[in-house]
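Residue numbers (our numbering), protein chains in the order written: chain F, 135 to 384; chain Z, 98 to 338.
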Amino acid sequence: MNKINKTINFIIALSLYVGLFYFVTTRAIGVKLDFTPYVEYRKVIFNGWIKTIEVSVLGVLLSLIVGLVLYFMSQSGVLAIKYVAGIHKTIIFGTPLLVIAIVSYYYIGNAFSVDSKLLVGVVTLGLYIGAYISDIYKGAIESIHINQWQTAKMFGLTRAQTYRYVIFPQVLKSILPPLAGQFALTIKGSALLSYMALNEFFNEINVVQSSTFRFAEGFVVVSIGYWIITVPLIIFVRKLEERLHVRIIK
Amino acid sequence: MNLKLDHVEKYYDDVKILDKLDLSMKNIKVLALIGPSGSGKSTLLRLIAGLESFEGGNIVLNNQSIDKVDLAEYRKRIGFVFQDHNLFNHLSVINNICMIMEKVHHRKHTEARTEVEGLLKKFGLIDHKDKQPHQISGGQAQRVSIVRALAIQPEVILLDEPTSSLDPVLTFEVLKSIETLVQDNKDVILVTHEIGFARELADYIIYMEEGKIIEHGATNILEEPQTEKLKIFLDKVLSFH
């Protein structure tokens, strides 16, 4: 009964959004949607979608590493290292990803003679999202009670062993929800890499829109395309979180 | 167990916690630190464990001078039982102990597991070996903590008010476990409010107040205190017993 109740309420909630969508498309656009041009360009669009997945996955992986490195840098006893991490985060938190993406490719990439848009895109995403992830690590690690650190110290675990066997296993569960959010942001943020003319999903949709003048359809396709990537990711992370929680409860 | 405190001083910020403690005792099996809350007993215990540093003086435990030893290696020879068990929340009871034996003391996995299961059986905890710390009672968790301290085969076991957060029934369980340690001939230093227990098991008592050692000696000082302060303390503590 509970499942039926949940399903009915979900359909009601979804219907509100479908209704809103229909209202907006008929009022704002006034003409019937025609996806035929997009079907014709499906290969190009699909390749762009794959490129988005590629950039996002690599960007996410890099951001996890960058976040960890930035966290350890911020804990360093060497002040210069600590300040480097602090300045990096300040720049990132204060600058839109769009600006960072443009500056990365047209200026920084150029200065280092890096032509590969994919490489610049991945590194940009990694360094950008990594700054936010470093704060997620910080919050999670600092939420571990000092007793756990003291006990590890008392029983002879080195600092590295304490992180590996005591701290990180405990923070894993608490960082999953905010990490899921950051992963989704990385995927959506990859759209801004279109400004460096990377042939990712959003850029390819833009090209089709410009060629066919079917703009509304393009926004529908691009939204669905991103949902196909982000929604399963969020569900996966939620399931993983539940599994970790159940394992602890058992 | 031999313990020497030589002008030991400890400050937290500018507040003096331990005030030039001097003491020398030899061939003691069970030492009990008693005194009112805030007297510095737990702080002294943590200094003896090498868990915290001190600002003045020295501590020598079993001919190991704390200002000269490699503290990381020294701590591996000390078993410590914290006030609130401090088990690792994400590990099962058995893994809380095996992890230390494998990663710190380099014992093989099967060997460590067999030994720990034996200890858990001895302390009546074998049925809880696969449970998480939040799934067992406070008393059981504290007893697991005692097993963890014992499993590393320490020279000395230090216990910091192991029953302070427990009800009388759980307190009894934990005290029985400590009794087992003593019967197994382990050297023990115990901070406790359980005066009756200290009287039964300890062979040396240190009474502290406001960061100073007021009186110390064999257990008979609990029957015949020499100082007025210890007398007043015992009158208060034992008045409802």
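C-beta: ideal position from N, C-alpha, C; glycine also.
Can you tell which of the options has its C-alpha closest to the C-alpha of residue i?
i	options	result
residue 276 (chain Z)	Z:115, Z:220, Z:157	Z:220
residue 137 (chain Z)	Z:311, Z:325, Z:333	Z:311
residue 374 (chain F)	F:308, F:346, F:334, F:356	F:308
residue 42 (chain Z)	Z:258, Z:326, Z:313	Because chain Z spans 98 through 338 in this model, residue 42 (chain Z) falls outside it and cannot be assessed.
residue 271 (chain Z)	Z:303, Z:284, Z:238, Z:124	Z:238
residue 184 (chain F)	F:204, F:293, F:338	F:338
residue 256 (chain F)	F:200, F:282, F:219, F:209	F:200
residue 160 (chain Z)	Z:126, Z:200, Z:99	Z:99
residue 262 (chain F)	F:348, F:298, F:219	F:219
residue 231 (chain F)	F:259, F:241, F:249, F:214	F:259
residue 241 (chain Z)	Z:211, Z:208, Z:217	Z:217
residue 167 (chain Z)	Z:181, Z:179, Z:150, Z:121	Z:150
residue 263 (chain Z)	Z:246, Z:164, Z:291	Z:291
residue 260 (chain Z)	Z:200, Z:320, Z:209, Z:287	Z:287
residue 362 (chain F)	F:311, F:348, F:180	F:180
residue 367 (chain F)	F:334, F:318, F:378	F:318
residue 277 (chain F)	F:194, F:305, F:143, F:234	F:305
residue 194 (chain F)	F:358, F:370, F:313, F:346	F:313
residue 298 (chain F)	F:288, F:283, F:311, F:310	F:283
residue 348 (chain F)	F:166, F:213, F:369	F:166
residue 125 (chain Z)	Z:306, Z:335, Z:279	Z:279
residue 189 (chain F)	F:274, F:154, F:336, F:144	F:336
residue 105 (chain Z)	Z:284, Z:162, Z:180	Z:162
residue 169 (chain F)	F:378, F:360, F:346	F:346
residue 281 (chain Z)	Z:305, Z:123, Z:265, Z:244	Z:244
residue 378 (chain F)	Z:322, Z:326, Z:329, Z:229	Z:229
residue 274 (chain F)	F:142, F:303, F:192	F:303
residue 181 (chain Z)	F:152, F:191, F:285, F:198	F:285
By the criterion of Cβ-Cβ separation under 8 Å, what are the contact partners of residue i in chain F?
i	result
residue 238 (chain Z)	Going along chain F, no residue has its Cβ under 8 Å from residue 238 (chain Z), so there is no contact; the nearest lies around 12 Å.
Thinking residue i and residue j are a contact (beta carbons under 8 Å), I'd like their distance in whole angstroms, please.
i	j	result
residue 325 (chain F)	residue 251 (chain F)	The pair is not a contact, with the Cβ atoms about 14 Å apart (cut-off 8 Å).
residue 116 (chain Z)	residue 308 (chain Z)	4 Å
residue 248 (chain Z)	residue 254 (chain Z)	With 8 Å as the limit, residue 248 (chain Z) and residue 254 (chain Z) do not qualify as a contact, their Cβ atoms being about 11 Å apart.
residue 178 (chain Z)	residue 195 (chain Z)	Actually they are not in contact, since the Cβ atoms of residue 178 (chain Z) and residue 195 (chain Z) sit about 18 Å apart, beyond 8 Å.
residue 334 (chain F)	residue 182 (chain F)	6 Å
residue 370 (chain Z)	residue 222 (chain Z)	The structure shown does not extend to residue 370 (chain Z), since chain Z spans only 98 to 338, so no value can be given for it.
What residues of chain F sit near residue i, judged by a beta carbon separation below 9 Å?
i	result
residue 49 (chain Z)	Because chain Z in this structure spans residues 98 to 338, residue 49 (chain Z) falls outside the shown range and cannot be described.
residue 148 (chain Z)	284, 287, 288
residue 183 (chain Z)	279, 281, 282, 284, 285, 288
residue 179 (chain Z)	281, 284, 285, 288
Verify whether the separation of the beta carbon atoms of residue i and residue j is less than 8 Å.
i	j	result
residue 364 (chain F)	residue 321 (chain F)	yes
residue 204 (chain F)	residue 216 (chain F)	no
residue 316 (chain F)	residue 266 (chain F)	yes
residue 119 (chain Z)	residue 102 (chain Z)	yes
residue 183 (chain Z)	residue 281 (chain F)	yes
residue 186 (chain Z)	residue 231 (chain Z)	yes
residue 316 (chain Z)	residue 303 (chain Z)	no
residue 165 (chain Z)	residue 140 (chain Z)	no
residue 329 (chain F)	residue 225 (chain F)	no
residue 234 (chain Z)	residue 267 (chain Z)	yes
residue 196 (chain F)	residue 264 (chain F)	yes
residue 239 (chain F)	residue 254 (chain F)	yes
residue 371 (chain F)	residue 310 (chain F)	yes
residue 322 (chain Z)	residue 331 (chain Z)	yes
In chain F, which residues lie with their C-beta within 7 Å of the C-beta of residue i?
i	result
residue 200 (chain Z)	291, 295, 299
residue 172 (chain Z)	288, 290
residue 196 (chain Z)	299
residue 169 (chain Z)	290
Taking 7 Å as the cut-off, does the CB of residue i come closer than this to any heavy atom belonging to the ligand FAD?
i	result
residue 171 (chain Z)	With respect to the ligand FAD, the structure offers nothing, as it holds no ligand at all.
**Request:** Could you tell me whether the segment 285 to 298 of chain Z touches the segment 104 to 116 of chain Z, using the rule of 3 or more Cβ pairs below 8 Å?
**Result:** Three or more beta-carbon pairs separated by less than 8 Å are not found between the segment 285 to 298 of chain Z and the segment 104 to 116 of chain Z, which leaves the two stretches without contact.
**Asked** Should the segment 168 to 183 of chain F be regarded as contacting the segment 341 to 358 of chain F, the criterion being three or more beta carbon pairs within less than 8 Å?
**Response** Yes, the segment 168 to 183 of chain F touches the segment 341 to 358 of chain F.
**Request:** Say whether the segment 147 to 166 of chain Z touches the segment 127 to 134 of chain Z, bearing in mind that this needs 3 or more beta-carbon pairs closer than 8 Å, one atom from each stretch.
**Result:** Two segments are said to touch when three or more pairs of C-beta atoms, one from each, lie closer than 8 Å; by this definition the segment 147 to 166 of chain Z does not touch the segment 127 to 134 of chain Z.
**Prompt:** When the Cβ atoms of the segment 144 to 151 of chain Z are set against those of the segment 159 to 179 of chain Z, are three or more pairs found closer than 8 Å?
**Reply:** Judged by Cβ distances under 8 Å, the segment 144 to 151 of chain Z makes contact with the segment 159 to 179 of chain Z, as three or more pairs qualify.
**Asked** Are three or more beta carbon pairs between the segment 347 to 359 of chain F and the segment 282 to 294 of chain F nearer than 8 Å?
**Response** With contact defined as three or more Cβ pairs closer than 8 Å, the segment 347 to 359 of chain F and the segment 282 to 294 of chain F are not in contact.
**Item:** Cβ contact (3+ pairs, closer than 8 Å) linking the segment 241 to 248 of chain F and the segment 269 to 281 of chain F
**Value:** As far as the Cβ criterion goes, the segment 241 to 248 of chain F does not touch the segment 269 to 281 of chain F, which means the pair count is below three.
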